[in-house]
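Those protein sequences? They're chains A, B and C, same order as listed.
Sequential numbering from 1 applies to the first sequence in the numbering used here.
Sequential numbering from 286 applies to the second sequence in the numbering used here.
Sequential numbering from 573 applies to the third sequence in the numbering used here.
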Amino acid sequence: MDFITAQNLVFRYLEEDETQVNTKVVRNVLDDVSFNIKKGEFVALLGHNGCGKSTISKHLNAMLLPDSGKVYVDSLDTADEDEDFTIRKKVGLVLQNPDNQLVASVVEEDVAFGPENIGIEPKEIRRRVDNALKAVDMYDYRNQPPHKLSGGQKQRVAIAGIIAMEPSCIVLDEPTAMLDPKGREEVMSTIKRLNREQGITIVLITHYMEEAVDADRVIVMDDGKILTQGTPQEVFSQVELLKRHRLDVPQVTELCYNLKARGVDIDTLSLHSDECIEKLLEVLK
Amino acid sequence: MSAIKVENLSCVYGAKTPFEQHAVKKVSFEINKGDFVGLIGHTGSGKSTLVQMLNGLIKPTTGKVYVDSVDLWAKPKEIRKFRFKVGLVFQYPEYQLFEETVYKDIAFGPTNMGLSQSEIKERVIHAANFVGLKDELLNKSPFDLSGGEKRRAAIAGVIAMDPQVLILDEPTAGLDPVGRNVLLSQISQYQKAKNNTVILVSHSMEDVARVTNKVMVMNKGNLAMFDDTAAVFARSDELSKMGLRVPQITRVIEALREKGIDLPSGVLTVDKAVMEITELLKKEGKL
Amino acid sequence: MRDIAFGQFYPGHSLLHKLDPRAKIILLVAFIVLVFCTANYAALAVVVASVIGVILLSKVPLRLYFKSLKMIIFIVLITSALNLFYGTGEPLWEFWVFKITLAGINNAVFVGARIISLILISSALTFTTSPNDLTDALERLMKPLNVFHVKVHEIAMMMTIALRFVPLLLEETDKIMSAQKSRGADMESGSLIQRIKALIPVLIPLFVSAFRRAYELAVAMECRCYQGGEGRTRMKSLKLSYRDYVSSAVVVVLIVGVVLCNVLLPHTVR
């Protein structure tokens, strides 16, 4: 069943013309973009900065409305103003900078912020906050101030703040871009666990290819359009297409691709190192 | 010839309080002129404290820093002079932009050095060139630039001081693959053109592997390794014990070596790996 | 920059930590009034003794209290010194235009002791109450002001956000200062005007960053369904317990004590 359907999204910005002063040109940030996301799916949205992927994230929870086209969340039209908060309860959005999305000076109070906004009973909030903090493995830090935490921990608290609203879907807009490798790993394993164990639909927006290889489906954006989509295997096998659009592929995939091009007997391009090592052993032994 | 030399350098925060913390512990090393050094270590390993001691922002608790064989703290009042010799670009340097135009912002450092207007102009244009900022951008407000351009303008602001040692703290953080690649090759070109010493602090092993010829590894305030890049990444077991990961490609080749495949250690790039594997296959007559 | 002691929360489990923050605020106000009502040494002794009692009860290291005093000790000394020379009556000691009288000495002692008591007792409040509890309590105490169209929830939300972002912006100031110093900015020398000018490269990036953060925070809050105070619930509800009643009783006893001292004994100061 489709949880989110986006049909022919167009979104425009007016921006200043580079060549002429005081004239505005229309730029299509999203240019006829259609996709759907199934319940329980883990979708990675790839592309470089300015390709329109962040604009998509804000369309999924009615923070932005398309200039033309439609977004349906659980059959609700995002253009329907009365449904804004219903939609935001269903689709939580986690942003890039963890520092700028935490409101309170105590971890658990921040996690409670969302449920408090939608008028949940105090006892129920307590239950949700505790569960959410346990789900991201931050329960032991519930009485700490956020500024004493590491980047990865802060981002997990931000995720907990969304989980406490019990959404069916979490959209994460480059949640690891500002983190160190350890923080990135913490956040990624948390996201995967939430998807696997709690069945939460995940839309992960990123420019790190390594983060996309474990998704169920990858959508690649370039210049406001969908370039290609499919399973990670399908997408990353198109090394030439991705390179032409100046996108990276995982190093092992590139290795397999280049070896294959030189006539080495490799049928499928690996995405993970273990797979690649095995395959190369077969060839080299 | 040594560009920067460090002897028994230590830094203690909050000495004699319950919060006493040894950020850097008795570190000694010597970096030669023209070296491109990667500095790696996970968050809290003492990297940031160390680089801030190299340009005199933090005064070491004990030990000495020599730049061009001159003791940094011999005359504490003249410490500002060394900031021009050891240029430090902070993480997310675009957050330091403040002037009305990009030109004026890049000129901030040279102006503080007390240079003449003509010399300042020359340096600004030169520095903007190195980081690939187009001339027409120089008269724009720095706040109107794109994210990647802001980053490059900020780096140009340090390059314009023409430092003998350039230290960059995570210059590619938050950039997408294109931005990352472009910036890295610009830094690399700068290093080659000037033959200056560059220290690249980074979490990205791929970046470090790509551009540096030496690598320093900091772990819990100690200098754990300091060697040629290939030699450091060949010690992947030790690195992973410190919470550091070697580039994926290096890991794969190391794993193949362990299984008895005759490949060299310290392969850092995909191109090199492709070359080594095809050569091996040719040698064995399988290709 | 980061060790500003005044107003810093020191987590703990003392009786003072456990009191209801609303009770603590009301008791603090009562105490402040009390401090200014002291008219003779007996009353002052009662106040000083209770300040010492509160400090001991808070189980916060004395070092922190000294730190918060250190910031203000100059003001105390100057006001005391001024009062010293403004007494009326027989001079005990005279030099040129300066003369010191018994009343002057009394004034100086009272002013000094009052200010110090005030700082110590308010520090005790902020040391034992988390900033969040404090804003929360203020919001609840000010709720009746809603009648007068005072936006109590909005004010409290502003305080909460300010509290959250103060440490962040301090850290950021530090970082920007280091970055500009690395570009040769000179912030330590020069005349006053030069030093103020030297702050521009720090202040502009700081403002830009604060606005960017504010924008992003607003987006994040909207994503989390924030729509003002209406229909909002709270996870933690405040409840007065026996401790709050007992402490209120103690403060009442203190008030009675001071009033008795003032009434029964002659006044030393106006």
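We put the CB at the ideal spot given by N, CA and C, even for glycine.
Report task. With DSSP collapsed to three states, give me the class of A509 of chain B. Result -> Numbered from 1 along the second sequence, position 224 holds the residue referred to as residue 509 of chain B. If DSSP states are grouped into helix, strand and coil, A509 of chain B belongs with the strands.
Would you report the Cα separation of V537 of chain B and E278 of chain A, rounded to the nearest angstrom? Counting from one through the second sequence, the residue named residue 537 of chain B turns up at place 252. Counting from one through the first sequence, the residue named residue 278 of chain A turns up at place 278. When rounded, the distance between both Cα atoms is 10 Å.
*Can you find a C-beta in chain C that's less than 7 Å from the C-beta of N100 of chain A?*
Working through the first sequence from its first residue, we reach residue 100 of chain A at position 100. So yes, N100 of chain A belongs to the interface.
inquiry  = Does chain B have any CB closer than 7 Å to the CB of R785 of chain C?
reply    = In the third sequence, the residue the question calls residue 785 of chain C occupies position 213. Answer no: the Cβ-Cβ gap between R785 of chain C and chain B never drops below 7 Å.
* Considering only residues of the stretch 439 to 494 of chain B, which uninterrupted alpha helix (DSSP H) runs meet the minimum length of 4 residues and lie entirely inside it, listed in chain order? -> 462 to 479
Worksheet item: Where are the beta strand (DSSP E) runs, 3 residues long or more, that stay fully inside the stretch 22 to 58 of chain A, in chain order?
Response: 24 to 38, 42 to 46
Here's a check: name, in chain order, each residue in its chain whose Cβ is nearer than 7 Å to the Cβ of C296 of chain B, leaving out the five neighbours to either side. To locate residue 296 of chain B, count along the second sequence from 1; it is residue 11. Result list for C296 of chain B: A308, V309, T334, M338, I343, P345, T346, in chain order.
Review point. Touch check for the stretch 38 to 45 of chain A and the stretch 207 to 222 of chain A: three-plus C-beta pairs under 8 Å?
Key: yes
Assuming A546 of chain C and N258 of chain A are in contact, meaning their beta carbons sit under 8 Å apart, how far apart are those beta carbons, in whole angstroms?
The question about residue 546 of chain C has no answer, for chain C in this structure spans 573 to 842.
Inset, instruction - Kindly give me the distance between the Cβ atoms of M174 of chain A and I205 of chain A, rounded to whole angstroms, as I take these residues to be in contact under 8 Å. - result: The count along the first sequence starts at 1 and reaches residue 174 of chain A at position 174. The count along the first sequence starts at 1 and reaches residue 205 of chain A at position 205. The question names Met, but residue 174 of chain A in the sequence shown is Glu. Right, their Cβ atoms sit about 6 Å apart.
>> For a test of the three-state rule: what should DSSP assign to F383 of chain B, helix, strand or coil?
In response: In the second sequence, the residue the question calls residue 383 of chain B occupies position 98. Three-state result, F383 of chain B: coil.
Among residues of its own chain, excluding the 5 on either side of I576 of chain C, which ones have a beta-carbon nearer than 6 Å to its beta-carbon?
Residue 576 of chain C sits at position 4 when you count from the first residue of the third sequence. With a pLDDT of 45 at I576 of chain C, under the threshold of 50, the modelled position of that residue is not reliable, and no figure is offered here.
Note to self: Strictly under 7 Å for the Cβ-Cβ distance: is H585 of chain C near chain A by that measure?
What the structure shows: Residue numbering aside, residue 585 of chain C sits at position 13 when the third sequence is read from its first letter. Chain A contact via Cβ: absent.
Compile a chain-ordered list of the residues in the stretch 414 to 448 of chain B whose CB is closer than 8 Å to at least one CB of chain C. F428, G442, V443, M446
Q | Paired residues, beta bridge with Q7 of chain A - DSSP | A | On the first sequence, position 7 is the one that residue 7 of chain A refers to. Answer is A:K70, bridged to Q7 of chain A.
inquiry  = Going by the DSSP bridge assignment, what does I219 of chain A pair with across the sheet?
reply    = Here residue 219 of chain A is taken as the residue at index 219 of the first sequence, counted from 1. Per DSSP, A:L45, A:Q229.
Mind checking which residues open and close the beta strand (DSSP E) that includes Q306 of chain B?
-> Position 21 of the second sequence, counted from the start, is the residue given in the question as residue 306 of chain B. That run of the beta strand (DSSP E) goes 306 to 317.
Same chain, Cβ closer than 8 Å to T673 of chain C, five either side skipped, listed in chain order: Within the third sequence, numbered from 1, the residue matching residue 673 of chain C stands at position 101. Within the same chain, T673 of chain C has close Cβ partners G659, T660, G661, E662, P663, L664.
For Y787 of chain C, count neighbouring Cβ atoms within 10 angstroms of its own Cβ and tell me buried if that reaches 16, exposed if not. Counting from one through the third sequence, the residue named residue 787 of chain C turns up at place 215. So Y787 of chain C ends up on the exposed side.
Task: Environment of N679 of chain C [buried if 16+ CB atoms lie within 10 Å] - done: Here residue 679 of chain C refers to the residue found at position 107 when the third sequence is read from its first residue. Buried is the call here.
Fill in: the stretch 586 to 604 of chain C / the stretch 708 to 717 of chain C touching (three or more Cβ pairs under 8 Å)
yes
| field | Contact set for A445 of chain B: own chain, Cβ-Cβ below 6 Å, skip 5 residues either direction | value | For the purposes of this step, residue 445 of chain B is identified with residue 160 of the second sequence, where counting begins at 1. Excluding residues within five positions, the ones whose Cβ falls inside 6 Å are I391, G394, P395, R408, V409, A412.
Is N498 of chain B close to chain C? Criterion is C-beta to C-beta, closer than 7 Å.
In the second sequence, residue 498 of chain B corresponds to position 213, counting from 1. False, the Cβ-Cβ gap to chain C never drops below 7 Å.
>> Relative to the C-alpha of E166 of chain A, which candidate in C:V774, C:V681, C:K715, C:R796 has its C-alpha closest?
In response: The residue you call residue 166 of chain A lines up with position 166 of the first sequence. It is C:R796.
query = Which bits of chain A does N718 of chain C rub up against, with CB to CB less than 7 Å?
reply = Position 146 of the third sequence, counting from 1, holds the residue named residue 718 of chain C. In chain order: nothing, as chain A lies at least about 18 Å away.
Cβ-based contacts, 9 Å cut-off: residues of the stretch 803 to 823 of chain C near chain A
G803, R804, T805, R806, M807, K808, S809
Original post:
To which residues of the same chain is L713 of chain C closer than 7 Å at the C-beta, ignoring the five residues directly before and after it?
Top reply: Looking up residue 713 of chain C in the third sequence gives position 141. Result list for L713 of chain C: R594, I597, in chain order.
Q) I733 of chain C versus chain A: which residues are under 7 Å apart at the beta carbon? A) The sequence position of residue 733 of chain C within the third sequence is 161, counting from 1. Those are V103, listed as they occur along chain A.
May I have the straight-line CA-CA distance separating G152 of chain A from S354 of chain B, to the nearest angstrom? As a working mapping, residue 152 of chain A is identified with position 152 in the first sequence. As a working mapping, residue 354 of chain B is identified with position 69 in the second sequence. Answer to the nearest angstrom: the Cα atoms are 41 Å apart.
Quick one: which residues of the stretch 535 to 560 of chain B get their C-beta closer than 7 Å to a C-beta of chain A? List them in chain order.
R536, V537, A540, L541, K544, I546, V555, A558, V559
**Prompt:** At a Cβ threshold of 7 Å, is F321 of chain B touching chain C?
**Reply:** Position 36 of the second sequence holds residue 321 of chain B. For F321 of chain B, the answer is no, since every Cβ of chain C falls outside 7 Å of its Cβ.
Which word fits M573 of chain C, buried or exposed, when buried means at least 16 other C-beta atoms lie within 10 angstroms of its C-beta? As a first step, residue 573 of chain C must be located in the third sequence, where it is residue number 1. Bear in mind that the predicted position of M573 of chain C carries a pLDDT of just 38, short of 50, making it too unreliable to give a figure here.
Exercise. Counting along the chain, where does the alpha helix (DSSP H) carrying I645 of chain C start and finish?
Worked result: Translated into the one-based positions of the third sequence, residue 645 of chain C becomes position 73. Where I645 of chain C is concerned, the enclosing alpha helix (DSSP H) stretches over 645 to 656.
Taking 7 Å as the cut-off, decide whether the C-beta atoms of K370 of chain B and P448 of chain B are in contact.
-> Here residue 370 of chain B refers to the residue found at position 85 when the second sequence is read from its first residue. Here residue 448 of chain B refers to the residue found at position 163 when the second sequence is read from its first residue. Yes, the Cβ-Cβ distance between K370 of chain B and P448 of chain B is below 7 Å.
Of all the CB atoms in chain B, is at least one closer than 7 Å to the CB of A792 of chain C? As a first step, residue 792 of chain C must be located in the third sequence, where it is residue number 220. Chain B, which has no Cβ nearer than 7 Å to the Cβ of A792 of chain C, makes this no.
What does V29 of chain A reach in chain C if we use C-beta pairs closer than 9 Å? As a first step, residue 29 of chain A is located in the first sequence; it is residue number 29 there, counting from the start. Here the premise fails: no neighbours, minimum Cβ distance about 17 Å.
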